[in-house]
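**Q** The structure is given below, and queries will be raised subsequently.
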Amino acid sequence: MLDNIKIRLHYLLPKQGITNLAGWFANKKAGWLTQLAIKTFARVYKVDMNEAKAPEFSAYTTFNEFFIRPLKEDVRPVVSEEHQLALPADGIISQLGNIRTDQILQAKGHHYTLEALLAGNHQLAEIFRDGQFVTTYLSPKDYHRVHMPCDGLLKEMIYVPGDLFSVNPLTAANVPNLFARNERVICLFDTQFGPMIQILVGATIVGSIEMAWCGTVTPPREGIIKRWTYPEAGTTGAVSFKKGEEMGRFKLGSTVINLFAANQVQLAGHLSSGSATRMGELLAQAIIPEEPTDNIS
């Protein structure tokens with residue numbers, strides 16, 4: 001009964017207004033009020049500050065500075081073998097597995113389509129048909145910077161306007177097409193094993209999504225799809241990353257979705273729905289086709 005009330009409220013509440021207000025406050029240097037908000041948040045959500053580069057609350061002059069706090073060096077070692085992919089974020093695996101034709105599992109009894117997730121881009125959706133996906137939920141207590149699972153060259157970024165439903169397990173299990181209806185930033189990368197997409201999904205009170213190469217993508221929220229393309233490696237304006245490098249961050253929120261084309265990767269066997277994740281640990285193993293050898297008789 002209580003869950004039904006919570007879901008109904010999600011539909012009724014002015015989510016964008018709440019998000020704008022939260023974003024405004026989170027950027028304010030409000031002195032003792034900011035410190036009170038940070039300490040209360042840390043206590044309620046049991047935030048572990050021991051790994052933070054600046055573990056003292058007083059080091060943060062705004063709530064957003066606290067929320068996107070960097071970690072100490074070496075507390076998130078990144079898997080080092082060439083064909084190993086790293087988890088992009090701290091959080092919990094919401095769902096993962098095979099994309100069945102174009103259907104992605106959101107929660108038990110709920111699926112959404114690749115084309116809907118990719119804002120109707122049929123050509124892009126075709127690349128990832130029958131591939132694999134991983135959805136990682138970042139809870140309020142988690143480290144909220146997002147990193148690269150592997151080396152990659154950015155080919156395209158798409159901003160998709162949308163709703164701002166919460167993306168917690170309750171809404172994932174009850175709001176149809178949740179990730180395909182929420183605001184999101186889609187990033188297409190070229191990697192040594194083929195194309196990979198990493199999507200940062202917005203949510204209620206996610207005041208901002210920022211990317212390492214261009215800064216804030218949202219807000220402002222203009223209600224239109226925006227698309228940027230990027231040049232080849234070695235040319236002016238090219239954007240490339242090494243495995244483990246930060247590629248984006250959430251100022252409150254949210255969820256990261258990774259898409260891989262068919263026969264590109266083998267997901268790590270120890271991962272399942274509900275698994276806790278730490279950025280840098282093993283996500284998958286790239287499948288690199290063996291080069292044919294000439295038989296000399």
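Numbered by full-length UniProt numbering, the letters in the sequence shown go through residues 1 to 297 in order. We treat Cβ as the ideally placed atom computed from N, Cα and C, and that holds for glycine. Just so you know, these numbers come straight off a predicted model, no measurement behind them.
#1: If you count every other CB in all the chains shown that lies within 10 Å of the CB of S80, and 16 or more means buried, which is it?
#2: Quick one: what's D163 bridged to in DSSP?
#3: Quick one, are the C-beta atoms of I99 and L85 less than 8 Å apart?
#4: Taking the straight line between their C-alpha atoms, what separation do you get for Q35 and K141?
#5: Considering only DSSP beta bridges, list what C187 is partnered with.
#6: Please go through the same chain and pick out, in chain order, the residues whose beta-carbon is closer than 6 Å to the beta-carbon of N258, but skip the five residues on each side of it.
#7: Does L33 pass the burial test, meaning 16 or more other C-beta atoms within 10 Å, or should it be called exposed?
#8: Exposed or buried, S272, counting other C-beta atoms within 10 Å across all chains shown (16 or more means buried)?
#9: Using the three-state DSSP reduction, which class does S297 fall into: helix, strand or coil?
#10: Straight-line CA distance for G131 to G274?
#11: My guess is that A107 and A172 are in contact by the Cβ rule of under 8 Å, so how many angstroms apart are they, rounded?
#12: Please go through the same chain and pick out, in chain order, the residues whose beta-carbon is closer than 6 Å to the beta-carbon of residue 301, but skip the five residues on each side of it.
#13: Considering only their Cβ atoms, is the gap separating A119 from D102 smaller than 8 Å?
**A** Taking the coordinates as given:
#1: Within the sequence shown, residue 80 is the residue found at index 80, counting from 1. So S80 ends up on the exposed side.
#2: As a first step, residue 163 must be located in the sequence shown, where it is residue number 163. Beta-bridge pairing links D163 to N182.
#3: The sequence position of residue 99 within the sequence shown is 99, counting from 1. The sequence position of residue 85 within the sequence shown is 85, counting from 1. In this structure, L85 does not lie closer than 8 Å to I99 by Cβ.
#4: Within the sequence shown, numbered from 1, the residue matching residue 35 stands at position 35. Within the sequence shown, numbered from 1, the residue matching residue 141 stands at position 141. Rounded to the nearest angstrom, the two C-alpha atoms are 17 Å apart.
#5: Your numbering for residue 187 matches position 187 in the sequence shown. C187 pairs with M157 and Q198.
#6: Along the sequence shown, one-based indexing puts residue 258 at 258. Within the same chain, N258 has close Cβ partners V134 and Q198.
#7: Within the sequence shown, numbered from 1, the residue matching residue 33 stands at position 33. Label assigned to L33: exposed.
#8: Here the question's residue 272 lines up with position 272 in the sequence shown. So S272 counts as exposed.
#9: If you number the sequence shown from 1, residue 297 lands on position 297. Note on S297: pLDDT 47, under 50, position unreliable in the model; the coordinate value appears next. It is coil, neither helix nor strand.
#10: Counting from one through the sequence shown, the residue named residue 131 turns up at place 131. Counting from one through the sequence shown, the residue named residue 274 turns up at place 274. Cα to Cα, the separation comes out at about 21 Å.
#11: Locating residue 107 in the sequence shown gives position 107, counting from the first residue. Locating residue 172 in the sequence shown gives position 172, counting from the first residue. About 5 Å separates the two Cβ atoms, so the contact holds.
#12: Residue 301 lies beyond the residue range present for the chain, which begins at 1 and ends at 297; the question has no answer from this structure.
#13: On the sequence shown, residue 102 is found 102 positions in, with the first residue counted as 1. On the sequence shown, residue 119 is found 119 positions in, with the first residue counted as 1. In this structure, A119 does not lie closer than 8 Å to D102 by Cβ.
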